[in-house]
Amino acid sequence: MLSFAFSGPISLKFILAAFLPAVWALGKRDAISDSGLSSANWIWLPEPDLLTTAPLGNVAFVKTLTSPTGKTAVRASIAITADNNFTLWCNAQPIGATDGTSAGQGWQNIQALSSALNASANVFSVLASNSAVGSLADANPAGLLAAIRVFYSDGSNETVLSDNTWLVSGTIPKDFPVPLDLSSFTQAQIATKFGSGPWGTGLQFPAADTLNLTGSAWLWNSNDAATSAPAGSVGFRKTVVSPSDKTASSATVVLTADNTFQLLVNGQYIGAPFVDTNVLGSAESWQYAQRFTIALTASKNTFNVIATNFPAQNSDPNSPSSAGLVAAIRITYSDGSSSILRTDTSWLAGSTTSAASFLAAADSSLKAAVSQGQYGNGPWNQVTTVDALNALKLPAINGVVATPSGSAGSGTLKAPTSTFSDPSSQNTDTSQSPPPGTTSGACGTVDARLLPLLMLTLASLAFCLL
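Read in order, the letters of the sequence shown are residues -25 to -1, 1 to 441 in mature numbering (1 follows the signal peptide of the UniProt record, and there is no 0).
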């Protein structure tokens, strides 16, 4: 058994100098490993050599996850990439896609995404493409790498990795991303494990997006909407003019509306949350704020949101209920700087019957939105942010398809349920810390098994002395 013997008094400076570098290294988390992606496999349509000569074209992947008995799924975090690119759906809702800023090399940037889940069964669908890049004009390496961590209402979680249990097809079904007929699908082939083959370990994991709704106000076009608003739609508008020395390039938008919404930027439809059936006990889409990324024009951009309030669940169709819109928008400029705007009473609002009629309405016909209180207050309290893919980035699914050299198999796709659990019970994934302990500054012998505990304590002492 390894041990370290110290004789004589040991100064605090010596201890800190000796151990703090190791403490910092120990505390640094490897995001790829933490996501589970380092244990995943690169998979694709079965071919003789996926590492060098996979055919060009699109392939479709399907993975159905069924919650264990007694477990209720609430959300998922997904780490995913594909050579050359991918688009991901969860239960037919577009979630994310390859970063398109690096032509043909976007696979080097892992996408870290989050999705709301059905309680019992969830279908993850991926359209992946192998394309010609530079000198690789013909067949070249192809693969999909993914780790899906499912969080349950009891605080537990499990991680599902890309492997040969995923189904894949070189023929894209017309009803993709949730195909009913899987006769053209077969089990995926494992090309290699993470870290091997042409992809190596040089993948980049993104920093977490910190944009949130704190500081934003819930809005509607009438007083007391937080408790009693009529069913119907209200349009909201915010026009943003870039500073004279700035050029707007993109925006990240986090928003939700009770009960649902459509987001349009500069007249173009961007997206909406998953379908809310307004049935008691079913999913309530407003509990999941959607996060979109949008390209902007240089000098002036107009954000329109059509928010729709449903009648109270299981009641008269004209009965009032709570209604509100809350949003945060981060505008990024070409020089790398950014600014954040939030929903407040500077937004314009007005009742509407459709997106088209609201877009046609002049600003002069609208009134200042009415604040229903700050985000975090009742009746809405906190919501969970999930990712949503800008509709302008959705692929044309009927593109060129890959032709597999092997025969296709079949599988069974379970239809997702419409039952969600209460998102207030969701837990985020946290790492476990060692049990607390203390160490002596006197001389003595330290068992090697106690070193992690010793270093943790020393780090705490150092922090207190700073």
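No residue lacks a Cβ here, since even glycine has one placed at the ideal position from N, Cα and C.
Just so we're clear, the structure is a prediction, and the values are computed from it rather than from any experiment.
- Counted as a single uninterrupted DSSP element, the alpha helix (DSSP H) harbouring F333 occupies residues 330 to 335.
- For I165, the secondary structure class from DSSP, reduced to helix, strand or coil, is strand.
- In summary, V125 is buried, with 16 or more beta-carbon neighbours lying within 10 Å of its beta-carbon over all protein chains present.
- With contacts defined by Cβ atoms closer than 8 Å, A51 and W195 do not form a contacting pair.
- Taking the Cα of Q80 as reference, the smallest distance to any Cα among T56, T235, T214 is reached at T56.
- Pairing W174 with D58 gives a Cβ-Cβ distance under 8 Å.
- At least 8 Å separates the beta-carbon of I53 from that of L40.
- In the DSSP assignment, the residues bridged to G210 are I281, G325.
- Our two residues, G172 and A200, have alpha carbons roughly 57 Å apart in a direct line.
- DSSP places P69 in the strand class (E or B) of the three-state scheme.
- Taking C-alpha positions only, K342 is separated from D251 by approximately 28 Å.
- From the listed residues V301, L102, F267, the smallest Cα separation to V153 is found for L102.
- Residue environment for P181: exposed (fewer than 16 other C-beta atoms within 10 angstroms of its C-beta).
- The C-alpha of T47 is placed about 15 Å away from the C-alpha of S90.
- Taking 8 Å as the cut-off, the beta carbon of N284 is found no closer than this to the beta carbon of G348.
- Per DSSP, the unbroken beta strand (DSSP E) holding S100 starts and ends at 96 to 105.
- Check the Cα spacing between S219 and each of L300, K275, K168: the tightest is with K275.
- Where I304 is concerned, the enclosing beta strand (DSSP E) starts and stops at 299 to 308.
- The distance from the Cβ of I18 to that of L119 is about 5 Å, consistent with a contact at the 8 Å cut-off.
- The C-beta distance from V49 to L92 rounds to 6 Å, short enough to meet the 8 Å contact threshold.
- Excluding sequence positions up to five before and after L238, its CB lies within less than 6 Å of the CB of I245, G246, V280, all in the same chain and listed in chain order.
- A303 is the residue among D24, T167, A303 whose C-alpha sits nearest the C-alpha of F278.
- Close CB contacts of D362 within its chain, under the 8 Å cut and outside five residues either way in sequence, are with I70, G71, L88, S89, S90, Q265, R266 (chain order).
- Your pair T268 and T227 checks out as a contact, with CB atoms roughly 6 Å apart and the cut at 8 Å.
- Apart from the 5 residues on each side of it in sequence, Q86 sits with its Cβ closer than 6 Å to the Cβ of I55, G71 in its chain, given in chain order.
- The criterion of a C-beta distance shorter than 8 Å is not satisfied by S203 and T235.
- Partner residues in the beta bridge of S144, as assigned by DSSP, are A35.
- Annotation: the continuous beta strand (DSSP E) that includes A121 extends over 118 to 127.
- Partner residues in the beta bridge of S313, as assigned by DSSP, are T307.
- Remark: C-beta atoms of Q243 and L136 do not approach each other more closely than 8 Å.
- In the three-state reduction of the DSSP assignment, G351 falls in the coil class, being assigned neither a helical nor a strand state.
- Sorting T28, D233, F160 by C-alpha distance to the C-alpha of A117 places T28 at the top.
- Scanning K168, V345, L323 for the CA closest to the CA of S339 turns up L323.
- Just so you know, the alpha carbons of A94 and P148 end up roughly 26 Å apart.
- With a beta-carbon spacing of about 4 Å, A192 and S346 fall inside the 8 Å limit used to define contacts.
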